[in-house]
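Single-structure report; data block below.
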Amino acid sequence: MKESFLVAFGTDDGETLRDKGHFGDSQKFGIYKIGKDSVSFVGWRENAKVEEDETQIHGDPRKANAVKAVLKEVDAVASVEFGPNIKRLLPVKACMIMDPGTLEHAARVVQSNLDRLVLEIEKGEQRKVLDLRDLSKEGSGPLRIAIASGKGGTGKTTVATCLAQVAEGLGHSVTYLDCDVEEPNGHLFLKPEITERMPVGLPVPKVDQDTCICCGECAEICQYSAIVCVKDKILTFPDLCHSCGGCVRVCPVDAIEEVPRTVGTLEQGKAGGIDFIHGRLNIGEVMAPPLIKAVRERAKNNGNVNMQIIDAPPGTSCPVITAIGDADLVVLVTEPTPFGLNDLDLAIDMVRELGLKHVVVVNRHEDDNNSAREFCNQKGVEIIAEIPDDRRIAEAYSRGETMVSSLEEYKGILEDMYEMIRHKAQRDKVKRQV
Numbered sequence: 003m004k005e006s007f008l009v010a011f012g013t014d015d016g017e018t019l020r021d022k023g024h025f026g027d028s029q030k031f032g033i034y035k036i037g038k039d040s041v042s043f044v045g046w047r048e049n050a051k052v053e054e055d056e057t058q059i060h061g062d063p064r065k066a067n068a069v070k071a072v073l074k075e076v077d078a079v080a081s082v083e084f085g086p087n088i089k090r091l092l093p094v095k096a097c098m099i100m101d102p103g104t105l106e107h108a109a110r111v112v113q114s115n116l117d118r119l120v121l122e123i124e125k126g127e128q129r130k131v132l133d134l135r136d137l138s139k140e141g142s143g144p145l146r147i148a149i150a151s152g153k154g155g156t157g158k159t160t161v162a163t164c165l166a167q168v169a170e171g172l173g174h175s176v177t178y179l180d181c182d183v184e185e186p187n188g189h190l191f192l193k194p195e196i197t198e199r200m201p202v203g204l205p206v207p208k209v210d211q212d213t214c215i216c217c218g219e220c221a222e223i224c225q226y227s228a229i230v231c232v233k234d235k236i237l238t239f240p241d242l243c244h245s246c247g248g249c250v251r252v253c254p255v256d257a258i259e260e261v262p263r264t265v266g267t268l269e270q271g272k273a274g275g276i277d278f279i280h281g282r283l284n285i286g287e288v289m290a291p292p293l294i295k296a297v298r299e300r301a302k303n304n305g306n307v308n309m310q311i312i313d314a315p316p317g318t319s320c321p322v323i324t325a326i327g328d329a330d331l332v333v334l335v336t337e338p339t340p341f342g343l344n345d346l347d348l349a350i351d352m353v354r355e356l357g358l359k360h361v362v363v364v365n366r367h368e369d370d371n372n373s374a375r376e377f378c379n380q381k382g383v384e385i386i387a388e389i390p391d392d393r394r395i396a397e398a399y400s401r402g403e404t405m406v407s408s409l410e411e412y413k414g415i416l417e418d419m420y421e422m423i424r425h426k427a428q429r430d431k432v433k434r435q436v
């Protein structure tokens, strides 16, 4: 396989992709050499003119032939819009459609999706247009897809890890965030190589008893009874502290200072092409939100990533809300059982209260059981996928394998599910930005 490819970007001003009119009408083409590890500008190619170029109808084969001649050595072309002549370009060039933006940014997007481009190039005359529009909006940030469930054991991590692997297989840069910090298990299936570990703590009060005058102001302001006044002594309960800092602020004699208390560990690494981040809460620790926040914050510094897959804690309590609060789309995983649907009902209420877009995936679906469909119809929630109740999935799971890695027949179902999720998330993200 070639190590790098020549890609032509249509432009009028020499800086941004042409955003009005078709690729073939561009004033000139910026040629970039793009490889896995490098992007370099090669030069300009002036567009060709043909007889009566200004008045010819769209789709004139003379125009297509002229453009192909100008870009003879190019492997692929990219534009905001193509015209009817794309049917003449596709057999000889891979074609990518993108959102408006700078040529430099567009070239970087192609680099991050190089595996997908290579697949289209290799298809020859069977090529289809490679749609990179959802991935090329400048400044829009990564798509954040949260996988949640009303209860544990529904298949939340199964769906989350499979989505991460599918995204990687399609050439998308993806970060998997295991925010189920009390019992993280995504690593059992993705098998990352951990390269970095760091403790995560939160500030809690420490009282200087010699300075303290036992006025009780600190105990009065604390809503969680993490600090109490007993006769002539102040007692602190670090496990109950939410680190608001109120007690420090109200103390009239500055007898209270904040000291760090470690609640868990953040670990980061790589699972193939997947960036992997998870948290491990200390045994006996109850304060999961600070560690979840640390995992989410760490992902913000993860560079040019198209997608974040957030494996949320089960249930509907504070840790879940911390994990999914800014998600572009929440995928609720359920099973067609009374307990599963009862907890799905609670989860739907939660995401609606938070104003989050959401869809449902039914795990362990049985053909003769329509309870999940009927329930979702009543609630007005879309089911985007149903994963069959297949013993082989459970057997693979017990070996630490996913459907993507061990059951080839499910690859198409999972890819379709991923694409539906991705497009829904991007559509809603764009609506919110507008």
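Once you know that position 165 of the sequence shown is 167 in this note's numbering, the rest is easy, because the numbers rise by one and skip nothing. By construction, the Cβ of each residue, glycine as well, lies at the ideal position given by its N, Cα and C atoms.
Item to complete: Pick helix, strand or coil for Leu409, following the three-state DSSP scheme.
Response: As a position in the sequence shown, residue 409 is number 407, starting the count at 1. Coil.
Would Gly266 be called buried (16 or more neighbouring beta carbons within 10 Å of its own) or exposed?
Counting from 1 along the sequence shown, the entry for residue 266 is found at position 264. With 16 or more other Cβ atoms within 10 Å, it is buried.
Give the range of the alpha helix (DSSP H) segment to which Arg452 is assigned. Residue coverage of the chain in this structure runs from 3 to 436, which leaves residue 452 outside it and unanswerable.
(request) Quick one: measure Cβ to Cβ for Pro220 and Ile258, integer angstroms, because I've assumed they're closer than 8 Å. (result) Along the sequence shown, read from residue 1 onward, the residue named residue 220 stands at position 218. Along the sequence shown, read from residue 1 onward, the residue named residue 258 stands at position 256. Residue 220 is actually Cys in this sequence, not Pro. Indeed, because the Cβ distance is near 6 Å, the residues count as touching under 8 Å.
- What residues are listed by DSSP as bridge partners for Ala273? Your numbering for residue 273 matches position 271 in the sequence shown. Ile276, per the DSSP bridge assignment.
Check your understanding: So, are the CB atoms of Thr1 and Glu337 less than 8 Å apart?
Key -> Outside the shown range of the chain (3 to 436) lies residue 1, about which nothing can therefore be said.
| Quick check: the segment 146–156 against the segment 334–350, are there 3 or more CB pairs under 8 Å? | yes
What does DSSP give as the partner residue(s) for Tyr34 in the beta ladder? Position 32 of the sequence shown holds residue 34. Tyr34 is bridged to Val9 and Phe43.
- Message: Helix, strand or coil, according to DSSP, for Asp180 in the structure here?
- Response: Translated into positions along the sequence shown, residue 180 becomes position 178. Asp180 falls in the strand class under three-state DSSP.
Beta-bridge pairing of Gly203 - partner residues as DSSP gives them: Looking up residue 203 in the sequence shown gives position 201. Thr264, per the DSSP bridge assignment.
Exercise. Roughly how many whole angstroms lie between the Cα atoms of Cys97 and Ala80?
Worked result: Taking the first residue of the sequence shown as 1, we reach residue 97 at position 95. Taking the first residue of the sequence shown as 1, we reach residue 80 at position 78. Roughly 6 Å between the two C-alpha positions.
Quiz item: For Asp345, does the count of other Cβ atoms within 10 angstroms reach 16, so buried, or fall short, so exposed?
Solution: Within the sequence shown, the letter at position 343 stands for residue 345. Buried, because 16 or more other Cβ atoms sit within 10 Å of the Cβ of Asp345.
Worksheet entry | Whether Asp180 touches Asp392 by CB criterion (8 Å) | Numbered from 1 along the sequence shown, position 178 holds the residue referred to as residue 180. Numbered from 1 along the sequence shown, position 390 holds the residue referred to as residue 392. No.
- May I have the straight-line CA-CA distance separating Ile389 from Leu145, to the nearest angstrom? In the sequence shown, counting from the first residue as 1, residue 389 sits at position 387. In the sequence shown, counting from the first residue as 1, residue 145 sits at position 143. Straight-line Cα distance between these residues: approximately 24 Å.
Have a look at Met352 and Ala427 and give me their C-alpha separation to the nearest angstrom. Position 350 of the sequence shown, counted from the first residue, corresponds to residue 352. Position 425 of the sequence shown, counted from the first residue, corresponds to residue 427. Going from the Cα of Met352 to the Cα of Ala427 covers about 18 Å.
The alpha helix (DSSP H) with Arg90 in it runs from where to where?
-> Indexing the sequence shown from 1 puts residue 90 at position 88. From DSSP, the alpha helix (DSSP H) with Arg90 extends over Ile88 to Leu91.
- Counting pairs of Cβ atoms below 8 Å between the segment 104–119 and the segment 11–31, do you hit three or more? yes
message: Taking 8 Å as the threshold (C-beta atoms), are Ser227 and Leu204 in contact?
response: Position 202 of the sequence shown holds residue 204. Position 225 of the sequence shown holds residue 227. Result no, Cβ atoms of Leu204 and Ser227 do not sit closer than 8 Å.
Practice task
Kindly indicate which residue of Phe7, Phe278, Leu343 and Leu121 has the alpha-carbon position closest to the one of Ser373.
Solution key: Mapped onto the sequence shown, residue 373 falls at position 371. The shortest C-alpha separation from Ser373 is found at Leu343.
### Message
Counting beta carbon pairs with one atom in the segment 349–367 and one in the segment 167–182, are three or more of them shorter than 8 Å?
### Response
no
Anticipated Cβ contact below 8 Å, Arg282 with Val206, distance rounded:
In the sequence shown, counting from the first residue as 1, residue 282 sits at position 280. In the sequence shown, counting from the first residue as 1, residue 206 sits at position 204. Not really, about 20 Å apart at Cβ, beyond 8 Å.
Practice problem: State the DSSP-derived secondary structure class of Met422, mapped to helix, strand or coil. | Solution: Along the sequence shown, read from residue 1 onward, the residue named residue 422 stands at position 420. Looking at Met422 - three-state DSSP - the assignment turns out to be helix.
Notebook entry, point to check: What first and last residue would you give for the beta strand (DSSP E) that runs through Val250?
Noted result: Here residue 250 is taken as the residue at index 248 of the sequence shown, counted from 1. That residue, Val250, is in no beta strand (DSSP E); its alpha helix (DSSP H) goes Gly248 to Val252.
Residue(s) in a DSSP beta bridge with Gln310
Position 308 of the sequence shown holds residue 310. Paired residues: Arg146 and Thr177.
Task: Three-state class that DSSP yields for Asp223 in the structure shown - done: Here residue 223 refers to the residue found at position 221 of the sequence shown. The displayed chain sequence assigns Ile, not Asp, to residue 223. Note: Ile223 maps to helix in three-state DSSP.
Discussion item. For a test of the three-state rule: what should DSSP assign to His367, helix, strand or coil?
Written reply: By 1-based counting over the sequence shown, the position of residue 367 is 365. Three-state DSSP puts His367 in a strand.
- In this structure, does DSSP put Pro321 in helix, strand or coil? Mapped onto the sequence shown, residue 321 falls at position 319. Of the three classes helix, strand and coil, the one that applies to Pro321 here is helix, per DSSP.
Check your understanding: What's the C-alpha gap between Leu348 and Ala290?
Key -> Taking the first residue of the sequence shown as position 1, residue 348 is located at position 346. Taking the first residue of the sequence shown as position 1, residue 290 is located at position 288. Leu348 and Ala290: Cα-Cα distance of roughly 21 Å.
- [ ] Would you kindly work out how many angstroms separate the C-alpha atoms of Cys224 and His244, rounded to a whole number?
- [x] Walking along the sequence shown from the start, residue 224 turns up at place 222. Walking along the sequence shown from the start, residue 244 turns up at place 242. Computed Cα separation, rounded: 9 Å.
Next on the checklist: I'd like to know whether the C-beta atoms of Ala109 and Val41 end up nearer to each other than 8 Å.
Outcome noted: Taking the sequence shown and counting its residues from 1, one reaches residue 109 at position 107. Taking the sequence shown and counting its residues from 1, one reaches residue 41 at position 39. It is a contact, given that the beta carbons lie within the stated cut-off.
**Study point:** First through last residue of the alpha helix (DSSP H) which encompasses Ile285
**Key:** Residue mapping note: residue 285 aligns to position 283 of the sequence shown, counting from 1. That residue, Ile285, is in no alpha helix (DSSP H); it is neither H nor E in DSSP.
> Is the number of C-beta pairs between the segment 119–134 and the segment 402–413 that are closer than 8 Å three or more?
Replying inline: no
query: What does a CB cutoff of less than 7 Å around Leu416 pick up in its chain, not counting 5 residues either side in sequence?
result: Your numbering for residue 416 matches position 414 in the sequence shown. Within the same chain, Leu416 has close Cβ partners Cys164, Val168, Met405 and Val406.
Ala68 to His24, Cα distance in whole Å?
Taking the first residue of the sequence shown as position 1, residue 68 is located at position 66. Taking the first residue of the sequence shown as position 1, residue 24 is located at position 22. Approximately 14 Å, taken between the alpha carbons.
task = Could you pull the start and end residues of the alpha helix (DSSP H) that Leu121 belongs to?
result = For the purposes of this step, residue 121 is taken as residue 119 along the sequence shown, with counting starting at 1. Leu116 to Glu124 is the span of the alpha helix (DSSP H), which, as asked, contains Leu121.
For Thr57, which residues in the same chain have their Cβ closer than 8 Å to its Cβ, ignoring the five residues on either side in sequence? Your numbering for residue 57 matches position 55 in the sequence shown. Only weak support is given to the placement of Thr57: the predicted model assigns it a pLDDT of 41, under 50, and the value that follows is read from those uncertain coordinates. Answer for Thr57: no residue qualifies.
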